[in-house]
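Asks: For the sequence shown, this note's numbering gives the first residue as 10, with consecutive numbering after it.
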Amino acid sequence: MTTGTNRILDEFAKLMTDAAGAAQGVRREMETVFRAQGEKLMNSMDIVKREEFEAVREMALRARDENDALLARIAALEARLDAAGK
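Spelled out as structure tokens, the structure:
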């Protein structure tokens, strides 16, 4: 009788192992599908990539610094012109 019970338990364990393996396969497949759908959605929304955003941000910061420097030069030149005109 113990042999029959052990065989049943062994078969049940094998069935559970196979079911767990199948569940992991389904999980991996669902992750792949969700990831692909997420990428498709992001691409359709024209979302800027982080690297592109950082590059444009750096360009804007440099342009702002350059504008500030040019404004200071213009103010100095105008002050010199006013002083020379008086």
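Glycine is no exception: its CB is placed at the ideal position from the N, C-alpha and C atoms.
1) Considering Ile83, what are the terminal residues of the alpha helix (DSSP H) in which it resides?
2) Please classify Met54: does DSSP put it in a helix, a strand, or coil?
3) To the nearest angstrom, how far is the alpha carbon of Gly26 from that of Leu18?
Replies: In brief:
1) For Ile83, the enclosing alpha helix (DSSP H) begins and ends at 59-94.
2) Coil, per DSSP.
3) In the sequence as displayed, the identity of residue 26 is Thr instead of Gly. Roughly 12 Å between the two C-alpha positions.
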